[in-house]
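First up is the structure itself, then whatever we jot down about it.
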Amino acid sequence: MRKSFILIILGGLILLNVLAWDRAFNNTQELEVSFFDVGQGDAVFIQTPAGYQILIDGGPNGVVLDKLAEEMPLGDRTIDLIILTHPEHDHYGGLIEVLEQYQVENILWNGIIRETAEFKEWQKLIKEKDARIIVAQAGQRIIFKTTYMEVLHPFENLEAQTSKSVNNTSIVLRLVFQDNSFLLTGDAFKAVEKELAARNELASDVLKVGHHGSKTSSAEEFIQKVSPEIAIISCGSNNSYGHPHEEVLAVLEKFAIRILRTDQDGDIKVVSDGTELQIINN
Ligand SMILES: [Zn+2]
């Protein structure tokens, strides 16, 4: 049975979609956010204190399946929510494999259309799945009992549009659990970061650094406004793009932000009890 869906319109301008999901789970009291080492790409797996499982991007290939198997209980084949930040290979190659293998209840994506075979496969699979499909737009808030996620970007609904700069259509999310927060920016470039900084309070404990540490992202004023304690860079070792760029590392170092990198640190798990963060990497 579909879970409840409430649409609230504030002042006729701001759309606030509240997905109030009600599901009984054993309460662990902790939020776990795992930044998987999937080589050159992004894959972030979230387990909320109430037991919701969320996968944001899936890296370029099936490596994500091994990572999920390590994190999820044996026999658990259901993921509550999959988020595709933007349809680029290093973000949804692996998600396609996840859709083939797992029951997926909800899919949040940016609605951008591509002309590639991989995109057609994505479209076919999300149609086949009996999942609720939501097109992301700033102002949406998804509530998982004690944890919530707010959509900060795209600023408008981009459903069925094409884009010359798919990276800049990335879904940007802020995940909040009591005093702790995580900012996840996909591959959005500096122009989007600056607009986000102008529109929002962005202060977060953990920042997933934009676009794998490329110098297209991590504008200094944005980093200053987010002011994270920890910056996580998801990139492949010896990748051909030279990610992370030294300019980005210099900006993070300037603000004395602790840097963790999947190419050097492997899988990085950040555990929050609502107040304190603990880093577990293997
Ligand atoms: Zn990417």
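My numbering applies: residue 1 is where the sequence shown begins, and numbers increase by one. Note that the Cβ used here is the ideal one computed from N, Cα and C, for glycine as well.
Legend entry - For Thr-262, the first and last residue of its enclosing alpha helix (DSSP H): For the purposes of this step, residue 262 is taken as residue 262 along the sequence shown, with counting starting at 1. Its alpha helix (DSSP H) spans residues 262–265.
Inset, instruction - Could you name the residues that DSSP lists as bridge partners for Asn-106? - result: The residue you call residue 106 lines up with position 106 of the sequence shown. DSSP lists Leu-81 and Arg-132 as partners of Asn-106.
Inset, instruction - Name the one or two DSSP bridge partners that Glu-32 has. - result: Sequence index remark: in the sequence shown, residue 32 carries index 32 (1-based). DSSP output for Glu-32 lists Gln-47 and Val-271 as bridge partner(s).
Inset, instruction - Answer yes or no: the CB of Asp-187 versus the heavy atoms of ligand 1, is any distance below 6 Å? - result: Against the sequence shown, residue 187 aligns to sequence position 187. Result yes, Cβ under 6 Å from ligand 1.
Legend entry - Tyr-241, DSSP secondary structure in three states: Indexing the sequence shown from 1 puts residue 241 at position 241. If DSSP states are grouped into helix, strand and coil, Tyr-241 belongs with coil.
Inset, instruction - Express the C-alpha separation of Ile-257 and Ile-233 in angstroms, rounding to a whole number. - result: Within the sequence shown, the letter at position 233 stands for residue 233. Within the sequence shown, the letter at position 257 stands for residue 257. Cα-Cα distance, rounded: 12 Å.
Inset, instruction - Go through its chain and collect everything with a Cβ distance to Val-176's Cβ below 6 Å, but skip five positions before and after it. - result: Position 176 of the sequence shown, counted from the first residue, corresponds to residue 176. Taken in chain order, the residues that qualify are Tyr-148.
Inset, instruction - Per DSSP, which residues does Thr-147 bridge with? Please list them. - result: What you label residue 147 is simply residue 147 of the sequence shown in a count that begins at 1. The partner list for Thr-147 (beta bridge, DSSP) reads Phe-144 and Phe-177.
Inset, instruction - Out of Leu-207, Thr-146 and Gln-140, point me to the one whose CA is closest to Glu-156's CA. - result: The residue given as residue 156 occupies position 156 in the sequence shown. Among Leu-207, Thr-146 and Gln-140, the Cα nearest to that of Glu-156 belongs to Gln-140.
Legend entry - the segment 237–245 contacting the segment 41–54, beta-carbon criterion three pairs below 8 Å: no
Legend entry - Closest Cα partner of Asp-179 within the set Lys-190, Ile-142 and Ala-203: As a working mapping, residue 179 is identified with position 179 in the sequence shown. Out of Lys-190, Ile-142 and Ala-203, Ala-203 has the C-alpha closest to the C-alpha of Asp-179.
Legend entry - Beta-ladder partner(s) of Ile-279, from DSSP: In the sequence shown, residue 279 corresponds to position 279, counting from 1. Ile-279 is bridged to Val-270.
Inset, instruction - Use the C-beta contact count for Ala-24: other C-beta atoms within 10 angstroms, 16 or more gives buried, fewer gives exposed. - result: The residue labelled residue 24 in the question sits at position 24 within the sequence shown. Any reading at Ala-24 must be qualified, since the residue scores a pLDDT of 47, below 50, and its modelled position is unreliable; the value itself is stated next. It is exposed - the Cβ of Ala-24 has fewer than 16 other Cβ atoms within 10 Å.
Legend entry - Where Lys-208 sits in the DSSP three-state scheme: Mapped onto the sequence shown, residue 208 falls at position 208. Lys-208 falls in the strand class under three-state DSSP.
Legend entry - Residue interval of the beta strand (DSSP E) (run including Ala-231): Counted from its first residue, the sequence shown places residue 231 at position 231. Run containing Ala-231: 230–233, per the beta strand (DSSP E) assignment.
Inset, instruction - Kindly indicate which three-state DSSP category Ile-54 falls into: helix, strand or coil? - result: Numbered from 1 along the sequence shown, position 54 holds the residue referred to as residue 54. Strand, per DSSP.
Inset, instruction - Tell whether a beta-carbon distance below 7 Å holds between Val-172 and Thr-185. - result: For the purposes of this step, residue 172 is identified with residue 172 of the sequence shown, where counting begins at 1. For the purposes of this step, residue 185 is identified with residue 185 of the sequence shown, where counting begins at 1. In this structure, Thr-185 lies closer than 7 Å to Val-172 by Cβ.
Inset, instruction - Keeping to the same chain, check which residues put their C-beta closer than 7 Å to that of Ser-218; ignore five residues upstream and five downstream. - result: As a working mapping, residue 218 is identified with position 218 in the sequence shown. Hits under 7 Å: Val-209, Gly-210, Val-248 and Val-251.
Legend entry - N-terminal and C-terminal residue of the alpha helix (DSSP H) that Lys-164 is part of: Walking along the sequence shown from the start, residue 164 turns up at place 164. Run containing Lys-164: none; DSSP gives neither H nor E here.
Legend entry - Short Cβ contact (7 Å threshold) for Val-104 with Ala-138: Position 104 of the sequence shown holds residue 104. Position 138 of the sequence shown holds residue 138. Going by C-beta atoms, Val-104 is not nearer than 7 Å to Ala-138.
Inset, instruction - Starting from Val-251, follow its DSSP beta bridges and name the residues at the other end. - result: Position 251 of the sequence shown, counted from the first residue, corresponds to residue 251. Answer is none; Val-251 lacks a bridge partner.
Legend entry - Coarse secondary structure for Val-64, derived from DSSP in three states: The residue given as residue 64 occupies position 64 in the sequence shown. Looking at Val-64 - three-state DSSP - the assignment turns out to be helix.
Legend entry - Closest Cα partner of Met-72 within the set Ile-280, Thr-116, Ser-34 and Lys-190: The residue you call residue 72 lines up with position 72 of the sequence shown. It is Ser-34 whose Cα lies nearest to the Cα of Met-72.
Inset, instruction - Can you tell me which of the three DSSP states Arg-258 falls into? - result: Within the sequence shown, residue 258 is the residue found at index 258, counting from 1. Strand, per DSSP.
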